[in-house]
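What follows is a short report on a single structure.
Numbering (this note's numbering), first residue to last: 1 to 222.
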């Protein structure tokens, strides 16, 4: 495993191995732990908006470029991370890294796409809340952590998601999507050219202040 630390503080880890594809992950150290309780679901909205139109590519172009490159990309959230993942063939990496980087650095979304995607997220959350198998996991977190950052579902609530604006979403993203708060991982058929391209892109990520929260104590047995 190689580690490259850029001048802006961002780290790139490389795990070369025998493979026909290149795997990439962009991990940002922010999730629902860093949201105001009344804005729970901000990270969830950002996860969805990553694949929407940005200043360089439309949502359709993002989808087509990744699909036509024979690859796949996705994103997911947790309490303390937003992670973008992709797997592509080495010979199309240059095109795909440009798309993924544009998704990461973008800080401008279309209002209509935002409202449409908010509706998608709301539907997803309501479905989750109405599914006993899913909801029981949330009740377990409440039992362990009470009404706290860990006790709330990182997906957000319908009432909190409704109150989140596009400006608030962009402000939250800009605050946390910074070099010192981001780790990039490459694995598989990683050539020196792929490493150089990746370092070149992410050396442009702005620096900033990293925010960290202390763990919430478990209250089991009380």
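Ideal Cβ placement from N, Cα and C applies to all residues, glycine included.
When secondary structure is reduced to three states using DSSP, residue 146 falls in the coil class, being assigned neither helix nor strand. For residue 49, the enclosing alpha helix (DSSP H) begins and ends at 42 to 49. In the DSSP assignment, residue 93 falls within the unbroken alpha helix (DSSP H) covering 93 to 105. At a Cβ-Cβ threshold of 8 Å, residue 27 and residue 182 count as neighbours. By the Cβ test, the region 83 to 97 is not in contact with the region 127 to 141, since fewer than three Cβ pairs between them sit closer than 8 Å. With fewer than 16 other Cβ atoms from the protein chains shown falling within 10 Å of its own Cβ, residue 123 counts as exposed. Counting other Cβ atoms within 10 Å of its Cβ, residue 1 stays below 16 and is therefore classed as exposed. Residue pairing by DSSP puts residue 13 in a beta bridge opposite 3 and 185.
Taking residue 20 as reference, the option from 201, 89, 57 and 85 with the minimal CA-CA separation is 89. Of the other Cβ atoms in all chains shown, fewer than 16 fall within 10 Å of the Cβ of residue 76; this residue is therefore exposed. Following the DSSP letters along the chain, one finds residue 121 inside the alpha helix (DSSP H) bounded by residues 111 to 129.
The residue from 207, 15, 32 and 129 with its alpha-carbon nearest to that of residue 80 is 32. Residue environment analysis places residue 204 among the exposed positions, since fewer than 16 neighbouring C-beta atoms fall within 10 angstroms of its C-beta.
Within the model, the alpha-carbon separation for residue 121 versus residue 134 is close to 16 Å.
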